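See structure below.
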Ligand SMILES: [Zn+2]
Ligand SMILES: [Zn+2]
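Numbering (my numbering), first residue to last: 619 to 768.
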């Protein structure tokens with residue numbers, strides 16, 4: 619989980635003003651491990667600060683991505699691109715039913731591509747996504763499979 623002060627410092631060093639709105643967005647992000655979308659962050663931020671605007675949330679997220687303080691994941695939910703505050707190498711577990719997205723810190727030692735397999739690409743990083751049903755969705759399926767005793 620990133621230190622919110624480090625993210626604030628990143629914006630400040632690039633000449634951005636740190637308004638209370640931006641500070642609130644960063645606090646929310648730094649404590650969120652669910653890979654939220656901009657809309658998720660906006661909904662939560664607006665609940666805390668009624669004068670929060672969507673534009674402030676979207677701009678702050680884009681600036682953090684450009685400055686390397688936040689990563690756009692390649693997973694989407696209904697409300698858009700999901701953001702990752704975990705900048706270290708890690709992999710993902712995703713629930714195909716409720717789209718819960720969890721970090722895995724397992725180190726797969728032998729993941730490399732041969733030059734031919736890489737098709738001339740210069741590889742920067744890799745990330746593996748495991749697809750499955752989360753424990754909550756498994757419970758729900760079980761409940762639906764067993765008819766209730768009435
Ligand atoms: Zn699920
Ligand atoms: Zn992640």
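We put the beta carbon where it would ideally sit given N, CA and C, even for glycine.
Values in this document were obtained by computation on a predicted structure and should not be read as measured data.
Sequence-ordered residues whose beta carbon comes within less than 6 Å of a heavy atom of ligand 2: 653, 702, 704, 708, 710 and 721
Identity of the residue in 652, 628 and 703 nearest residue 718 by Cα: 652
Any non-hydrogen atom of ligand 1 within 8 Å of residue 649 CB: no
Whole-angstrom distance between residue 682 and residue 628, CA atom to CA atom: The C-alpha of residue 682 is placed about 8 Å away from the C-alpha of residue 628.
Cβ pair residue 670, residue 648 closer than 9 Å: no
Cα-Cα separation, residue 726 to residue 735: 18 Å
Reference residue 740; option with closest CA among 688, 730, 749 and 747: 730
Sufficient close CB pairs (3 or more, under 8 Å) joining the region 698 to 711 to the region 660 to 675: no
Cβ-heavy atom distance, residue 763 to ligand 1, below 8 Å: no
Run of the alpha helix (DSSP H) containing residue 659, from where it starts to where it stops: 656 to 666
C-beta neighbour in chain D for residue 622, strict 9 Å: No chain D appears in this structure, which consists of one protein chain only.
Close Cβ partners of residue 749 (< 6 Å) along its chain, the five nearest in sequence each way excluded: 712 and 714
Helix, strand or coil at residue 719 [DSSP, three-state]: In this structure, residue 719 counts as strand in the three-state DSSP scheme.
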